[in-house]
Amino acid sequence: MGIICGTATHYREGETHFTMLVCFIIVLGGFLRACTKNSEVIVLSILSLSGFVLGQLAQRFVEIHRLIYPLLKTPSFSLYCYFLPIIIFVAALDVDFYILKNVFWQVLLTATVSFSLAIAVIGYVAMRFNKEAWDLQSCILFSITLSIIDPLHSVNSLKSIGVSKVSIDIIRGESLIICGMTSIIIGLFRTTTVHTYIFKEVYAFISLFVDIFGSITCGYVCARIIQFIFIDLFSNTLTNVILCFSMVYMTFYIAEVFGMSGIVAVVTIGLNLDSISFKPRNELIITKFLIMFSFVYQQLIYTFFGIVIGCGQMKDFKIHSVVFILILCVSLNIVRLLTIALVSPVFMHSSYEYDWSWGAVITWSGIKGVFSLLLAPEVYNLAETKIKSPHMCILYVQVISLLTMGINSYLMTRSARILGLCSISLPRQMAMQNAIQHIQEIIQNTINLFKTEKILTNVNWTLVEEKTKIEYTFPFSHVSRNEEEESPTDEDLIEEARLHVAIIQMSSFEKQCNNGILSVSAARILIGATKSYCPIQGKFMSIYDVSTYVKARSWLMKFKSILTFLEYHKEKPRFIASGNNKFLFTVYQIVFSEEFEYAEHIITLMYIYPMIVHLWPMVRELNVLALLSINYYFMLLYVLQAALKIIILKRKYFQQCWNTLEFFIVVIGLVDVFCVYSVKLRPENVTLIQVTVIMGYFRMIRFLPITKVIIPILINIVDVLIKKRLSLMYSITKGYVKSQEDTKLLIKQISSRESIYQKLYDILETNRRDAVKELGLIEHEGRDVVIALKSKQAIQNVIHKAQKNLTFLWSRGIIDNHEGIEMKKVLLTKIKALNNIPMTIPPPTPDKYLHNIIWLENKEVLIEFFKERAKLAYFDYGDIICKEGEMPQGIYLIISGMAILHSSPPSFGIDNTLRPDKESKTMFTEFCTSGDIIGELNCLLKREIEYTAICETILQACFISLEDLYEGFDVFWPSLEYKIWLKLALRIASQYFESSLVGEDLTFQRCVDHNHAYVETLSSYNEMIIDNMTMKFVIIVYGSVIDMKTEEPFFAPSIIPKTCEQLQGTSDLSKLLVILAPEPASNIDKNATVTGMLFDVCNISEQKMYRNTV
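Laid out in structure tokens, this is it:
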């Protein structure tokens, strides 16, 4: 492929200034985008006209021709390879793989129908209405070029008006599939043009298979390499950008060199990369860099092809060309309309909300772009009969591209707005209003806080409040007046809330992954499962759905049981001599010696070469007698081996499956020998010869016994895979539990309607409990694996906290740049070393679990006191640990196993007749696993147990009796009892009011060491004064109180409002958790170091994450 158009003139190297021309095009495109407010069709049209003018001037001025000469001598395939990989990669990277996977077959059908109809209709139009008399092959190539839908411009207009991501990905997925089809077909044409042999069906089929599956495999492998590079802790952003850019091109060129489709390979890379594949904040940088290059490439392509068109003869531009272009535009839209009409029934039966209005919008999505333009020269280059005016073909494609980019984009956007497809539903508007109201409250609270500062007393706060007031109008809101008056139903609100919950969960998964709490593989599985179940109306994803999505480890367990059954166990029976029989004793020693077993394997391996000769017909005919002799020799060895074992083992010989196999091999071998001998006696018997040949192939079973050496290795491999699967499932389940907890904090912002809030809360709580149950079962199944994973996650959390503290000190200038980099490398090295942590860690001894009781504070005096008195208790599945209504016997610290707690609503020390929700009959269910304690509150109060604890698995617990516990209270009075109450109060506050306490450092150790929070006790009629200056929160966690001023009652658990100044206890015993406000800066201890204060500030911001540490 040489010059597309123009005169072949040669210039000396260094005389051209083509680089200057490229820079001028880029700068001009940038100025045009700034002036036209990023209107791409206007920018590309002006650049195309500029290129056309430049091409016309090149025909008259030698200096201009010298300037564009490097372009004219560049092969069209080179432009294709220079520009297209990045543009296609950017389009594929923006497609959500999981959405496309859900509707892949529908999208593939749409792409196939669209591609086929376009080739047929456009090919007919080109032959019928084009007066240049193109041949059939040129018309087919031209129709293939115009059948391509541009993957970028086809959805850009929809993205700007807020159309759903699902619809955008359907259109873009279709365009990518068409691009792949086109690249494969053009590649076949190009290959057959290069080679001299005729296009054959077999060759076409093989090439098609290699193009599709080979390209996908190549792209998948390269995507995994890119992901491996991106997750490297020591790689920086610049390295990632360069590697991503270069790997895309390298993958494209490797695929093309080996006869595959580079476009399909690049599309595969883009689809396999997601937000988790990149480091935090790297995705935005890399994506912006690639988008910038794709825009620049498009500007260059349209300008270059404008120059090429301008280099053509003006006499070829006639009025018929304009008519032909209009006919092509109308034909392309008719093809699109037919395609949508044919595939709409398929989409209507799918899970997506597809109707005629979406069909009307997608009808206008057949926009042409750079892909069609880059392939336009191939109509001339690949056709056997060359067309007279190749530049006219490029003109048709470029003008149609600009027309569809302008007209179709406008009609698609306009129809989407008229049909209300980009409007915001009423439930979604209500959710957004809740969010806006929440933001406005934060702004008002900030203003009220600033008003108290003396330096801001002369600020015009009326102006501040006026300028900071948010007045948001919903764009494209087409809600009628009647719809505004009607309140949305609970079903509509629940469905809208369900989608918000899915988004919050996916955000939680990504955040956990970025923080090192969740592995990349677990996060990818959870996000994929969420997106897969999101289209199912009314479906809230549970942990069982995730397990189904993962297709858990059952086949591994079955495979391991089969291998365990087949494993060879060499049992040496006791030798009982009958008289002075030295022969039997000698045979006994031989059979059960290691040398005898090695000899068995050597005999099997030695027979490999004779078997190869036997299976090779030409060599077998030359060595018939030798093969017969070798067969007799090996059969003798097999018979001798079996005989020696039978002499010693007798009937026990057949109890081992491997011995039975060996005996079967001997029998088959003897039959084989008999058949060979019979053929010698009756060589004319054809049936006997056929049987003998078949028996000869049965000699291959002689190699089966060697597999018993491989089985132990396979069992170890399967064990590792099972442990990896257990570790992955535990990480997935733990991440799911954390996402449910994060979502529960935000459901108030999702919907303000109480009924919706309660339904969402119940669903999330049920799913959370089910996930906690699964955690317990996984831990029971692989306790050593879970301990290793927990240890690894704990190390990650500690190092992550150190990284946050390092970043904080670095940003404040306490650590300089060089020291910060070196310390960061040290921490990253420690994180990388976690990959070498063993997959299993043996569980600690039962006495070590006493260190996990938080109120013992890891003090040796307390631990030794209870270690002498604690006992181990064992429970079987279904055993009842304690029953509701019974008096407590002591506390149980679970060492291993899982228990389920069933109870009516907890009373919190309040008579049911006094509670406002006394009619509630809801049963509460909770799961307790390793490290949890059963019976603390009841032992403190010496009151009946309010729940029934039943073992879900075999359970081992450390039991401390009630007498021993109260003896500890007497010995360590009063601190021990108080610390148990503090621990319970913190747990209740965190469980019921976590959303209100975000940012509060309520760890037990901090509350003990720094008195950040304490527990106040009130008896009946006792009073307590609340100082709002020093007390930030007052939470009643047990019992009930009343406001002395208003006599308003408060029942546990609840937060006492700020308006309350004095409380009085109304229960026999009331416990209040008081969280203190931070001290003013002037009261800080003068001896406190700046570094210590900075660490405290940083630690408070990290608090929420460490309350969820494993």
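Numbering of the sequence shown is given in the numbering used here, commencing with residue 3 and proceeding in unit increments. We put the CB at the ideal spot given by N, CA and C, even for glycine. Here the structure is a predicted model, which is why all the values come from computation and not from measurement.
Item: Among Tyr-222, Asp-276, Glu-258 and Ser-263, the one whose alpha carbon lies nearest that of Ile-233; Value: Asp-276
Item: DSSP three-state assignment for Lys-1073, whether helix, strand or coil; Value: strand
Item: Cβ contact (3+ pairs, closer than 8 Å) linking the stretch 376-395 and the stretch 145-157; Value: yes
Item: Met-434 Cβ short of 7 Å to the ligand ADP heavy atom set; Value: Questions concerning the ligand ADP fall outside what the structure shown contains, since it holds no ligand whatsoever.
Item: Three or more C-beta pairs below 8 Å linking the stretch 319-339 and the stretch 390-409; Value: yes
Item: Helix, strand or coil at Ala-1083 according to DSSP, with G and I counted as helix; Value: Its pLDDT being 42, under 50, Ala-1083 is placed unreliably in this model, and the coordinates cannot settle the point.
Item: Sub-8 Å separation of Cys-852 and Lys-869 beta-carbons; Value: The identity of residue 852 in the sequence shown is Leu, whereas the question assumes Cys. Yes.
Item: Bridge partners - Ile-1037, DSSP secondary structure assignment; Value: Ile-1057 and Leu-1075
Item: Reduced DSSP secondary structure (H/G/I, E/B, other) of His-67; Value: helix
Item: Pick from Lys-471, Glu-512, Trp-557 and Gly-540 that is closest to Arg-500, judged by C-alpha positions; Value: Gly-540
Item: Under 8 Å between C-beta atoms of Gly-312 and Gln-108; Value: no
Item: Simplified DSSP assignment, three categories, for Ala-385; Value: coil
Item: Helix, strand or coil at Val-1000 [DSSP, three-state]; Value: coil
Item: For Arg-1109, three-class secondary structure by DSSP; Value: Its pLDDT being 38, under 50, Arg-1109 is placed unreliably by the model, and the measurement read from it follows with that caveat. Note: Arg-1109 maps to helix in three-state DSSP.
Item: Member of Asn-158, Ile-604, Cys-659 and Lys-654 whose CA lies at the smallest distance from the CA of Leu-639; Value: Ile-604
Item: Ala-122 versus Ile-90: straight-line alpha-carbon distance, rounded; Value: 26 Å
Item: The alpha helix (DSSP H) enclosing Gly-784, as first and last residue numbers; Value: Unbroken run through Gly-784: none, as it is neither H nor E.
Item: 8 Å contact criterion, which Gly-933 and His-782 should meet: CB distance rounded; Value: Going by Cβ atoms, the distance from Gly-933 to His-782 rounds to 13 Å, so no, they are not a contact pair.
Item: Within 8 Å, strictly: CB atoms of Leu-646 and Val-589; Value: yes
Item: Neighbourhood of Ile-780 by C-beta distance below 8 Å, restricted to the same chain and skipping five residues each side; Value: Leu-728, Met-731, Tyr-732, Thr-735 and Val-788
Item: Three-state secondary structure assigned by DSSP to Leu-458; Value: helix
Item: Proximity winner among Leu-864, Glu-948 and Phe-961, relative to Leu-874 (alpha-carbon distances); Value: Phe-961
Item: Beta-carbon proximity check, Phe-877 vs Ile-902, cutoff 8 Å; Value: no
Item: Pairwise C-alpha distance: Met-22 and Gln-442; Value: 53 Å
Item: Selection from Leu-421, Asp-1070, Phe-567 and Gly-368 that minimises the alpha carbon distance to Ser-411; Value: Gly-368
Item: Residue burial classification, Arg-684 (beta-carbon count within 10 angstroms, cutoff 16); Value: exposed
Item: Length at least 3, wholly inside the stretch 651-700: the beta strand (DSSP E) runs in chain order; Value: none
Item: Contact under 8 Å by Cβ, Val-1017 with Lys-1073; Value: yes
Item: Member of Ile-1038, Ile-865 and Ala-951 whose CA lies at the smallest distance from the CA of Pro-1055; Value: Ile-1038
Item: Alpha-carbon spacing of Lys-562 relative to Val-722, whole angstroms; Value: 11 Å
Item: DSSP three-state assignment for His-19, whether helix, strand or coil; Value: coil
Item: Segment contact, 8 Å Cβ cut-off, at least three pairs: the stretch 29-41 with the stretch 286-295; Value: no
Item: Exposure label - Ile-527; buried when at least 16 CB within 10 Å; Value: buried
Item: Buried/exposed call for Glu-468, threshold 16 Cβ in 10 Å; Value: exposed
Item: Glu-979 (DSSP reduced to helix, strand or coil); Value: helix
Item: Three-pair Cβ contact test at 8 Å for the stretch 70-82 versus the stretch 320-328; Value: no
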